[in-house]
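As structure tokens, the structure follows; a few thoughts come after it.
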Amino acid sequence: MTTDYLNQDWDAVIIGTGMGGGTIGRVLATGGWRVLFIEKGPSGHRSERQALHSHVFTPDARALRGFWPTPLRAKIDNRESEFFAPIGAGVGGSSAFYAATLERPERHDMDDHPHAEWPISFDTMQPWYDEAEKMFHVCGAPDPLSAEPMPELLPPPALDPSDDALMGEMRAIGLHPYRLHSAIRYVENCHDCLGSKCPKPCKMDGRSAGVEPALATGNAFVLDDAEVVDLKRDGRTITEITLCRSGVEYRLSPKRVILAGGALGSAHILLKSDIANSSGLVGRNLMFHLNEMFALWPKKKVLGDATSKAISLRDLYHQDATRFGTVQSMGIGAGYGEILHYLRLMLTRSALSRVPLIMDLARIPAAVAVKMLGSAKVLVGLLEDYGYPENRVIFDPARPEQLSIEYVLAPELKARRRAFRKAIRRAFRGHRKMFLSMQPELNFGHPCGTLRFGTEAETSVLDPNCKAHDHDNLWVVDSSFMPTSFGVNPSLTIAANAIRVGHHLLKEARS
Amino acid sequence: MTADHIIRNGAAIVTGAGSGLGRALAHKLANQGMHVALLGRREPSLIETARATPELLHPFVCDVADASAVTTTVAQITTDLGAPRLLINNAAIYPRRDILDIPTDAFMDSIAINLGGVVNATQAVLPHMIKDGIGRILNVATFADMSPLPMSSEYSVSKGAARIFTRALIADIGDRFPDIVVGDWMPGMLATQMGIEDGLAPDAAAGWGAALALMHDPALTGTTFEMDREILQGSGLKRKLKALLTLSRPQKPRIITPI
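In order, the protein sequences belong to chains A and B.
For the record, in the first sequence the residue sitting at position 106 is 262 according to my numbering, with numbers rising by one throughout.
For the record, in the second sequence the residue sitting at position 155 is 351 according to my numbering, with numbers rising by one throughout.
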């Protein structure tokens, strides 16, 4: 059966079905191309609702659930650790589990960045952001601080009374909160699937807004549970994809390869296969965000849903020349379970992880926290990360299947983090608040930048249309292409760019 | 439609419905207006059970130890009554014999009914339940595995294994399909063929079992009820200590209102 599909004449083979792969597949299949998706993980059952978690730890059981099966090996500030990163591997990729926050970056993020250059302008991207917001049914309200044309967003659902009160308090102290941009359609009996698979045509992600509409055209097919293990090249052409399905290896000769395995996965396979790396930059300039979580107590107690993810504000996006990021509702309550979960995650990555019983001892601070937090809202500040060549995906031939990274928190980042915390403290001066993280918390769900695009083949891996400088039939459309990480969630940009590249490919083929 | 409506409007399956507790459970569900497929090996007993409410009680002769027969029967139930939404795994045998007297192969035959029957029926209904992820599976269980009585090896081993199956099933589907609610229920000592003479009337126990089977709170997954009361995990002291550490109130067992 597998070979039947491999031997067909596909216009494009897309590796990975997340935000980037799913979206470009839809564009191409809608444009009449014959598209084959190759997905490492399973399609899964449509009614599944599992959250992406780490207490299922056997690789098979993780793979079955659409989680990346193996732990990420990370050397952070020279300390080695292994943990399950919040990364998906199934139809929809990580986006099947995401919180569906689709926010636009700002003009200066692309046009005037002190640290890295974008080969295309914000104005070039704007129409593709419009397109992505339509495709993903984004609802929300415009950012009152933005000077850009207002995006056409769907009306958000009625605001929870406690959020409404909190937004009022924020405005009263001179802040500019707005309704977070969200790709959730809030259909009847919506489960609000933040962090878990959505069983309805409700949360719009790489699966529901990408792969499924692509399949509906009749022009696309998904080969799931199929892991790409090697790419072969002959000069400027990718000649062969080797994939492994149920322990059997298959080969196919692709016309065009579109890689979308995620910033870690795509860099991993290119390093492994020694492809597209004449610049030596494959895997480098890895960026995350720093999550700055804090609890905020409304001045007036209004009962409501503490777990809603409805508010965003950009008052701290940057201050003068210092770049921070958005502050938004975390989408979790300050409840015992949530706090315990976060404490344990922190402990897993800390030196304390070897202390016996430490995971159980975490119950005590969690219990204290929940008493103290009470009616607090948990907010998170997303601090922009800059790309540094020494922060990178590495390939270890001794562990050819495992994702591996090296990352050092730059002194500049630590200084900005301190300034960000200070700015948050100042912005919410009148409110009681408490930071929930002591150490800098990297957001391993937001990796990007490992195959950055640019005009020069010496300083970038991809050209401005996201084609590999070194090859004529290889494109990359996941978050790897991004030279900067912005102060917002990367998903909307991944989708908008995939749409842009998709239309470019269709146009190129016509002429 | 809420999950509760979907379950009540779907078909129920009660295994071992030809006598005792199974018959009483089927009657209680029919009293609630549900269509119930009665599974059992002996047709006359099933027909006898169905006599109470023939338009809602439907006999299906089927040996739960026979996996392919169960699959065929569930397919037939789906055609006749609609997709199964509620499964009560009740069928069991209790051969009382000394380990020295159990004929060759007979031990595994008992396992095939008491454990195999639960596995077979569960596997047959799950594909229907996962279509939209909504269902309820209640396994009739016992403490027989905790300290096996003499002359009860087949029963205690197979029923103990069935309890492990409940937990293993939850490990597989609990996080993926939280609206398929799975749990164990211990009816207590009953005055049935399998039970004791001065036990509880099966009809009284079935009032709790049927009520529990119709409760569809995802939080019930993994719970064990004994008669009308939830059995909480861990010792009372452990629970009090945890409550103390987490500055919360100790958990209280849920109580079933019988129907």
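Virtual Cβ for every residue (Gly too), placed ideally from N, Cα, C.
Neighbours of ARG221 of chain A in chain B, taken as residues at a C-beta separation under 9 Å, are given in chain order as ASP371 and ARG372. Residues of the same chain with a CB within less than 6 Å of the CB of CYS400 of chain A, apart from the 5 flanking positions on each side, are GLU383 and VAL385 in chain order. Judged by their CB atoms, ARG281 of chain B and ILE203 of chain B are nearer to each other than the 8 Å cut-off.
When C-beta distances to chain A are compared with 7 Å, the residues of the region 312-338 of chain B below that value are ILE326, LYS327, ASP328 and GLY329, in chain order. Here the region 243-262 of chain A lies against the region 158-178 of chain A, with 3 or more beta-carbon pairs under 8 Å apart.
Counting C-beta pairs closer than 8 Å gives three or more between the region 284-303 of chain B and the region 203-223 of chain B, which meets the contact rule. In the displayed model, ASN447 of chain A falls within a strand according to three-state DSSP. Where MET590 of chain A is concerned, the enclosing beta strand (DSSP E) starts and stops at 588-591. Within the region 253-313 of chain B, the complete beta strand (DSSP E) segments of 3 residues or longer fall at 253-257 and 280-285, listed in chain order. Of A:VAL438, A:ALA554 and A:ARG363, the smallest CA-CA separation from GLY200 of chain A is found for A:ARG363. According to DSSP, residue pairing for ALA370 of chain A in a beta bridge does not occur. Residue burial is scored here from C-beta neighbours: PHE421 of chain B has at least 16 other C-beta atoms within 10 angstroms and is therefore classed as buried. Chain B has no Cβ within less than 8 Å of the Cβ of ARG341 of chain A. Take the alpha-carbon of ILE326 of chain B and the one of PRO227 of chain A: they are about 29 Å apart. Taking a Cβ-Cβ threshold of 7 Å, none of the residues of chain B is close to GLU368 of chain A; the smallest such distance is about 16 Å. Within the region 284-342 of chain A, the beta strand (DSSP E) runs of at least 3 residues that lie entirely inside it are, in chain order, 333-335.
Listed along chain B, the residues sitting closer than 9 Å to HIS201 of chain A by beta-carbon distance are ILE326, LYS327, GLY329, ARG372 and PHE373. Contact annotation: the region 300-314 of chain B touches the region 344-358 of chain B, with at least three C-beta pairs closer than 8 Å. In the three-state DSSP reduction, ALA208 of chain B falls in the strand class (E or B).
Counting along the chain, the unbroken alpha helix (DSSP H) around GLY658 of chain A starts and ends at 647-666.
Considering only beta carbons, the part of the region 349-365 of chain A lying closer than 7 Å to chain B consists of PRO355, in chain order. Contact with chain B is found for GLN206 of chain A, since one of that chain's Cβ atoms lies less than 8 Å from the residue's Cβ.
ARG435 of chain B and VAL260 of chain B have their C-alpha atoms spaced approximately 39 Å apart. With fewer than 16 other beta carbons inside 10 angstroms of its own, VAL564 of chain A counts as exposed. For PRO603 of chain A, the enclosing beta strand (DSSP E) covers residues 597-604.
In this structure, LYS411 of chain A sits near ASP167 of chain A, with a CB-CB distance shorter than 8 Å. Scanning its chain for C-beta atoms nearer than 6 Å, with the 5 sequence neighbours on each side dropped, one finds around SER210 of chain A the residues PHE240, in chain order. For the region 342-417 of chain B, the full-length alpha helix (DSSP H) segments reaching 4 residues or more read 349-369 and 398-409 along the chain. Spatial neighbours of ALA579 of chain A in its own chain (CB-CB distance under 7 Å, excluding positions within 5 residues in sequence) are listed in chain order as LEU472, GLN475 and PHE480.
Inter-segment contact for the region 447-455 of chain B and the region 417-432 of chain B is present: three or more beta-carbon pairs are separated by less than 8 Å. Under DSSP, TYR544 of chain A takes part in no beta bridge, so it has no partner. When C-alpha distances from THR393 of chain A are compared across A:ASP380, A:GLU204, A:SER667 and A:VAL413, the shortest belongs to A:VAL413.
Judged by DSSP secondary structure, ASN335 of chain B falls within the beta strand (DSSP E) whose first and last residues are 331-336.
Three or more beta-carbon pairs drawn from the region 606-615 of chain A and the region 637-651 of chain A are found closer than 8 Å, and the two stretches are therefore classed as touching. Going by beta carbons, LEU415 of chain A and VAL632 of chain A fall inside the 8 Å limit. Burial state of HIS201 of chain B is exposed, judged by a 10 Å Cβ sphere holding fewer than 16 other Cβ atoms.
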